[in-house]
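*Asks:* Here it is, the structure, as structure tokens.
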Amino acid sequence: MNVIGMYLRLSLEDKKDLKRDESNSISSQRLLIKEFIQCNIELRGYEVKEFCDDGWSGTSMDRPGMNQLLAEVKKNRIQCIIVKDMSRFSRDYIEMGTYLNQIFPFMGVRFIALGDHYDSKEDNGNTIGLDTAFKTLLYDLYSKDISVKVKTSVKNKCANGEYIFGQVPFGYRKSPVEKNKVIINKKEAEIVRHIFSLAALSKSSTQIARQLGEEGIPTIMQMRHPKADRDGKPLVWSSSAVRNILNNRFYLGEMAYGKTVCKSVGSKKSVRVPKEEWKVIPNHHEALVTQEVFEQVSSFRPDHVTDRKREKHPLTGKLYCGGCRYAMVYKPPREKNKYRWFECSKHALTHNLYCCTYFCADMLEELVLTMLNKELMIRGEAVRQKKNLKSLKECQLAAVKDKLKNLQREQELVKDSKDGAYEEYAAGSITPEEYRGKMDKLDRQMELLSGQLREWQEKCLELEDEQAKLDTDMRQIIRYSHIEELTQDLVDTFIERIYVYKDKRVEIKWKFRER
Ligand SMILES: [Zn+2]
Numbered sequence: 007m008n009v010i011g012m013y014l015r016l017s018l019e020d021k022k023d024l025k026r027d028e029s030n031s032i033s034s035q036r037l038l039i040k041e042f043i044q045c046n047i048e049l050r051g052y053e054v055k056e057f058c059d060d061g062w063s064g065t066s067m068d069r070p071g072m073n074q075l076l077a078e079v080k081k082n083r084i085q086c087i088i089v090k091d092m093s094r095f096s097r098d099y100i101e102m103g104t105y106l107n108q109i110f111p112f113m114g115v116r117f118i119a120l121g122d123h124y125d126s127k128e129d130n131g132n133t134i135g136l137d138t139a140f141k142t143l144l145y146d147l148y149s150k151d152i153s154v155k156v157k158t159s160v161k162n163k164c165a166n167g168e169y170i171f172g173q174v175p176f177g178y179r180k181s182p183v184e185k186n187k188v189i190i191n192k193k194e195a196e197i198v199r200h201i202f203s204l205a206a207l208s209k210s211s212t213q214i215a216r217q218l219g220e221e222g223i224p225t226i227m228q229m230r231h232p233k234a235d236r237d238g239k240p241l242v243w244s245s246s247a248v249r250n251i252l253n254n255r256f257y258l259g260e261m262a263y264g265k266t267v268c269k270s271v272g273s274k275k276s277v278r279v280p281k282e283e284w285k286v287i288p289n290h291h292e293a294l295v296t297q298e299v300f301e302q303v304s305s306f307r308p309d310h311v312t313d314r315k316r317e318k319h320p321l322t323g324k325l326y327c328g329g330c331r332y333a334m335v336y337k338p339p340r341e342k343n344k345y346r347w348f349e350c351s352k353h354a355l356t357h358n359l360y361c362c363t364y365f366c367a368d369m370l371e372e373l374v375l376t377m378l379n380k381e382l383m384i385r386g387e388a389v390r391q392k393k394n395l396k397s398l399k400e401c402q403l404a405a406v407k408d409k410l411k412n413l414q415r416e417q418e419l420v421k422d423s424k425d426g427a428y429e430e431y432a433a434g435s436i437t438p439e440e441y442r443g444k445m446d447k448l449d450r451q452m453e454l455l456s457g458q459l460r461e462w463q464e465k466c467l468e469l470e471d472e473q474a475k476l477d478t479d480m481r482q483i484i485r486y487s488h489i490e491e492l493t494q495d496l497v498d499t500f501i502e503r504i505y506v507y508k509d510k511r512v513e514i515k516w517k518f519r520e521r
């Protein structure tokens with residue numbers, strides 16, 4: 007059984023800052039790491055052990071929770087350590103570097119720092135993924151190749167904690183006394199209730215928007231930012247603003263969270279979670295509408311808007327179901343907030359048990375990208391070897407060309423000898439029998455040479471062909487050294503076919519010639 011050591015730390019100074027930034031609290035750290043594990047297929051099956059230092063500074067490694075964690079590591083009982091960010095583990099960069107570059111690799115422990123987008127598994131021994139500041143410090147200690155582009159360390163939304171409320175929905179405001187508590191904003195709430203009452207009269211969102219304009223009801227923008235410069239443009243209620251209000255369950259007193267989860271370490275993007283999987287806290291705040299009204303209003307106003315775009319995915323046409331080998335079809339989002347996925351095109355007809363009925367598009371893109379980068383890295387190593395191979399082939403080619411020239415010269419000589427033999431015969435210095443004997447010998451020689459010549463010409467063409475292939479391979483590898491986004495061009499250049507399986511396995515047939 008693989009074990010994850012989840013390490014949490016909060017210093018006394020952090021505690022003072024908690025009012026301002028709650029994302030460092032022990033519970034936020036725990037939640038963040040747990041959610042990360044949940045959305046990572048590889049780690050989901052691991053056992054999770056928690057190690058915590060509440061009230062300890064990160065400048066010294068001598069902390070009770072840390073000591074327990076390291077003791078477990080020494081006993082080989084931990085396979086992976088996850089922290090919110092590196093500073094949770096240690097504030098000493100040199101110490102951090104020693105653990106990352108020596109101790110953990112030696113112990114075979116994978117180290118993940120979510121906020122730094124760092125995962126030792128993707129690190130491959132160079133300093134990719136490490137923070138710029140961190141890298142500069144390490145550079146003197148470990149004179150490693152840092153030519154690889156440093157990923158800009160944009161703070162992951164996840165790491166910053168999505169749990170803190172952003173803007174409070176229209177109709178509410180934050181309580182001036184109680185932190186994070188939401189209370190009703192009377193003026194805004196009046197408008198919200200008005201919108202719901204109009205909808206209850208079976209008016210469409212467009213009709214409602216028009217009526218609000220006619221009644222001179224201020225828009226959300228006008229209510230919230232009355233002084234904002236609008237460049238003289240009049241503000242009007244849009245039907246989508248109305249629809250958003252009518253579909254927001256927040257007005258029922260529900261608080262939904264977990265709408266997005268982070269894709270993986272190193273990824274700046276987060277994945278949208280289908281609405282059905284959102285976590286909902288009922289009776290979180292005072293409701294503005296009753297369940298009855300809400301249901302009545304939303305029953306004739308379906309959530310998904312009808313204009314569904316036929317979006318083409320770069321992997322379309324390359325992707326096949328590993329179960330039945332039929333093509334997978336792309337299901338674009340129905341509305342800007344919805345999930346994107348692939349599904350087997352024939353499953354509904356065949357009911358094949360092994361069909362891949364669902365594959366999240368974000369996850370697939372991420373996997374394909376990782377696999378492609380890994381493949382390119384391995385081949386990048388091969389570039390140097392290929393260069394050697396190329397110079398070797400060049401020598402071979404030169405030798406073959408020399409050989410060809412020699413053979414051609416020999417053929418000329420044989421031709422000369424034949425002319426000479428004829429002259430001797432014509433002058434009567436050799437008998438017809440002798441002449442025929444000489445000619446037979448020379449003809450055989452000529453035949454042999456022609457055969458050899460053909461053989462070497464073939465060899466020459468072969469070598470020239472190989473060389474051209476080597477050149478294209480090298481050019482491709484050099485051109486794409488590290489890829490951040492999967493584009494149509496990339497897919498067409500490198501990928502022949504992809505098979506996806508029910509157990510979320512991905513198999514890629516590359517277009518590369520050979521490794
Ligand atoms: Zn299938």
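The numbering of the sequence shown is the numbering used here, which starts it at 7 and goes up by one.
Cβ atoms here follow ideal geometry from the backbone N, Cα and C, with glycine treated the same way.
Go ahead and pull the three-state DSSP assignment for Trp243.
*Replies:* On the sequence shown, position 237 is the one that residue 243 refers to. It is coil, neither helix nor strand.
*Asks:* In this structure, how does DSSP classify Lys155 when only helix, strand and coil are distinguished?
*Replies:* What you label residue 155 is simply residue 149 of the sequence shown in a count that begins at 1. Residue placement at Lys155 is poorly supported in this model, since its pLDDT is 24, which falls under 50; the coordinates still yield a value, given next. Here Lys155 sits in coil by DSSP.
*Asks:* State the Cα-Cα distance for the pair Tyr428 and Arg450, rounded to the nearest angstrom.
*Replies:* Residue numbering aside, residue 428 sits at position 422 when the sequence shown is read from its first letter. Residue numbering aside, residue 450 sits at position 444 when the sequence shown is read from its first letter. Cα-Cα distance, rounded: 16 Å.
*Asks:* May I have the straight-line CA-CA distance separating Gln494 from Ser211, to the nearest angstrom?
*Replies:* Stepping through the sequence shown from its first residue, residue 494 is reached at position 488. Stepping through the sequence shown from its first residue, residue 211 is reached at position 205. Rounded to the nearest angstrom, the two C-alpha atoms are 38 Å apart.
*Asks:* With H, G and I counted as helix, E and B as strand and the rest as coil, what does DSSP make of Cys45?
*Replies:* Looking up residue 45 in the sequence shown gives position 39. It is coil, neither helix nor strand.
*Asks:* State buried or exposed for Glu513, treating a residue as buried only when at least 16 other CB atoms are found within 10 Å of its CB.
*Replies:* Taking the first residue of the sequence shown as position 1, residue 513 is located at position 507. Counting Cβ neighbours within 10 Å, Glu513 comes out exposed, since fewer than 16 surround it.
*Asks:* Which residue's Cα is closest to the Cα of Lys209: Asn289, Glu468, Gln302 and Glu283?
*Replies:* Here residue 209 corresponds to residue number 203 of the sequence shown, with the count starting at 1. The option with the nearest alpha carbon to Lys209 is Gln302.
*Asks:* To the nearest angstrom, how far is the alpha carbon of Glu423 from that of Leu448?
*Replies:* If you number the sequence shown from 1, residue 423 lands on position 417. If you number the sequence shown from 1, residue 448 lands on position 442. First, the residue type needs correcting, since residue 423 is Ser and not Glu in the sequence shown. Distance between the alpha carbons of Ser423 and Leu448 is about 8 Å.
*Asks:* What residue from Glu430, Asn82, Thr376 and Glu56 has the CA that sits closest to Pro70's CA?
*Replies:* Your numbering for residue 70 matches position 64 in the sequence shown. Comparing Cα positions, the closest option is Glu56.
*Asks:* Cβ atoms of Val9 and Gln108: under 7 Å apart, would you say?
*Replies:* Start at 1 with the first residue of the sequence shown, and residue 108 comes out as number 102. Start at 1 with the first residue of the sequence shown, and residue 9 comes out as number 3. Contact flag unset, no.
*Asks:* Considering only residues of the region 189–229, which uninterrupted alpha helix (DSSP H) runs meet the minimum length of 4 residues and lie entirely inside it, listed in chain order?
*Replies:* Counting only runs of 4 or more, we get 192–206 and 211–220.
*Asks:* So Leu413 and Gln473 are in contact, right, with Cβ under 8 Å, and what is the actual spacing, rounded?
*Replies:* By 1-based counting over the sequence shown, the position of residue 413 is 407. By 1-based counting over the sequence shown, the position of residue 473 is 467. Going by Cβ atoms, the distance from Leu413 to Gln473 rounds to 22 Å, so no, they are not a contact pair.
*Asks:* Let me check you understand the geometry: is the CB of Gly329 closer than 6 Å to at least one non-hydrogen atom of ligand 1?
*Replies:* Counted from its first residue, the sequence shown places residue 329 at position 323. The answer is yes for Gly329.
*Asks:* Please classify Lys81: does DSSP put it in a helix, a strand, or coil?
*Replies:* Walking along the sequence shown from the start, residue 81 turns up at place 75. The answer is coil: DSSP assigns Lys81 none of H, G, I, E or B.
*Asks:* Use the C-beta contact count for Gly135: other C-beta atoms within 10 angstroms, 16 or more gives buried, fewer gives exposed.
*Replies:* Along the sequence shown, read from residue 1 onward, the residue named residue 135 stands at position 129. Low local confidence applies: a pLDDT of 42 at Gly135 is under 50, so the model's placement there is unreliable, with the coordinate-based value given in what follows. Buried.
*Asks:* Ligand 1 and Asn289: does any heavy atom of the ligand fall closer than 6 Å to the residue's C-beta?
*Replies:* For the purposes of this step, residue 289 is taken as residue 283 along the sequence shown, with counting starting at 1. Not under cutoff, so the answer is no.
*Asks:* Are Trp462 and Leu410 close, meaning C-beta to C-beta below 7 Å?
*Replies:* Along the sequence shown, one-based indexing puts residue 462 at 456. Along the sequence shown, one-based indexing puts residue 410 at 404. Yes. Within cutoff.
*Asks:* Would you please state the rounded distance, in angstroms, between the beta carbons of Leu38 and Lys90? I believe it to be under 8 Å.
*Replies:* As a first step, residue 38 is located in the sequence shown; it is residue number 32 there, counting from the start. As a first step, residue 90 is located in the sequence shown; it is residue number 84 there, counting from the start. At roughly 6 Å, the Cβ-Cβ gap stays under 8 Å, so Leu38 and Lys90 are in contact.
*Asks:* Do Gly329 and Cys361 have their beta-carbon atoms positioned less than 7 Å apart in this structure?
*Replies:* Locating residue 361 in the sequence shown gives position 355, where the first residue counts as 1. Locating residue 329 in the sequence shown gives position 323, where the first residue counts as 1. In this structure, Gly329 lies closer than 7 Å to Cys361 by Cβ.
*Asks:* Does Val295 come out as helix, strand or coil in the three-state DSSP assignment?
*Replies:* Locating residue 295 in the sequence shown gives position 289, where the first residue counts as 1. Note: Val295 maps to coil in three-state DSSP.
*Asks:* Can you pull the DSSP bridge partners for Trp516?
*Replies:* In the sequence shown, counting from the first residue as 1, residue 516 sits at position 510. DSSP output for Trp516 lists Ile501 as bridge partner(s).
*Asks:* Could you tell me whether the Cβ atoms of Lys198 and Leu294 are closer together than 7 Å?
*Replies:* Position 192 of the sequence shown holds residue 198. Position 288 of the sequence shown holds residue 294. Before going further, note that residue 198 is Val rather than Lys in the sequence given. Cβ atoms of Val198 and Leu294: closer than 7 Å.
*Asks:* So, is Asn289 buried or exposed, given that buried needs 16 or more other C-beta atoms within 10 angstroms?
*Replies:* Here residue 289 refers to the residue found at position 283 when the sequence shown is read from its first residue. Per the 10 Å Cβ criterion, exposed.
*Asks:* Determine, using beta carbons only, whether Val251 and Ile201 come nearer to each other than 7 Å.
*Replies:* On the sequence shown, residue 251 is found 245 positions in, with the first residue counted as 1. On the sequence shown, residue 201 is found 195 positions in, with the first residue counted as 1. Before going on, a small fix: residue 251 reads as Ile here, not Val. In contact: Ile251 and Ile201 (Cβ atoms closer than 7 Å).
*Asks:* Do you know offhand how far Val248's Cα is from Ala333's?
*Replies:* Start at 1 with the first residue of the sequence shown, and residue 248 comes out as number 242. Start at 1 with the first residue of the sequence shown, and residue 333 comes out as number 327. Taking the straight line from one Cα to the other gives about 40 Å.
*Asks:* Provide the residue span of the alpha helix (DSSP H) that contains Leu258, from first to last.
*Replies:* Here residue 258 refers to the residue found at position 252 when the sequence shown is read from its first residue. First-last for Leu258: undefined, no H or E at that position.
*Asks:* Among Ile190, Phe176 and Arg460, which one has its Cα closest to the Cα of Pro182?
*Replies:* The sequence position of residue 182 within the sequence shown is 176, counting from 1. Residue Ile190 is the option with its Cα nearest to Pro182.
*Asks:* At a Cβ threshold of 7 Å, is Ser211 touching chain D?
*Replies:* You won't find chain D in this structure, because it holds only one protein chain.
*Asks:* Using DSSP with H/G/I as helix, E/B as strand and the rest coil, what is Val374?
*Replies:* By 1-based counting over the sequence shown, the position of residue 374 is 368. Of the three classes helix, strand and coil, the one that applies to Val374 here is helix, per DSSP.
*Asks:* Over the uninterrupted beta strand (DSSP E) stretch that includes Met113, give me the two end residues.
*Replies:* For the purposes of this step, residue 113 is identified with residue 107 of the sequence shown, where counting begins at 1. Counting along the chain, Met113 falls outside any beta strand (DSSP E), though it belongs to the alpha helix (DSSP H) covering Phe110 to Met113.
*Asks:* The beta strand (DSSP E) spanning Leu18 covers which residue range?
*Replies:* As a working mapping, residue 18 is identified with position 12 in the sequence shown. Element bounds for Leu18: not the beta strand (DSSP E) but the alpha helix (DSSP H), Leu18 to Asp23.
*Asks:* Just to confirm the assignment, what range does the alpha helix (DSSP H) spanning Arg179 have?
*Replies:* On the sequence shown, residue 179 is found 173 positions in, with the first residue counted as 1. Not the alpha helix (DSSP H): Arg179 falls in the beta strand (DSSP E), residues Tyr178 to Lys180.
*Asks:* So who's on the other strand from Leu14, going by DSSP bridges?
*Replies:* Working through the sequence shown from its first residue, we reach residue 14 at position 8. Paired residues: Cys58.
*Asks:* Rounded to the nearest angstrom, what separates Lys515 and Lys281 at their Cα positions?
*Replies:* In the sequence shown, the residue the question calls residue 515 occupies position 509. In the sequence shown, the residue the question calls residue 281 occupies position 275. Distance between the alpha carbons of Lys515 and Lys281 is about 35 Å.
*Asks:* Between Ser304 and the rest of its own chain, which residues show a CB-CB distance below 8 Å, the 5 nearest in sequence each way excluded?
*Replies:* Here residue 304 corresponds to residue number 298 of the sequence shown, with the count starting at 1. Leu252 and Asn253, listed in sequence order.
*Asks:* Provide the residue span of the beta strand (DSSP E) that contains Arg116, from first to last.
*Replies:* For the purposes of this step, residue 116 is identified with residue 110 of the sequence shown, where counting begins at 1. Here the beta strand (DSSP E) through Arg116 covers Arg116 to Ala119.
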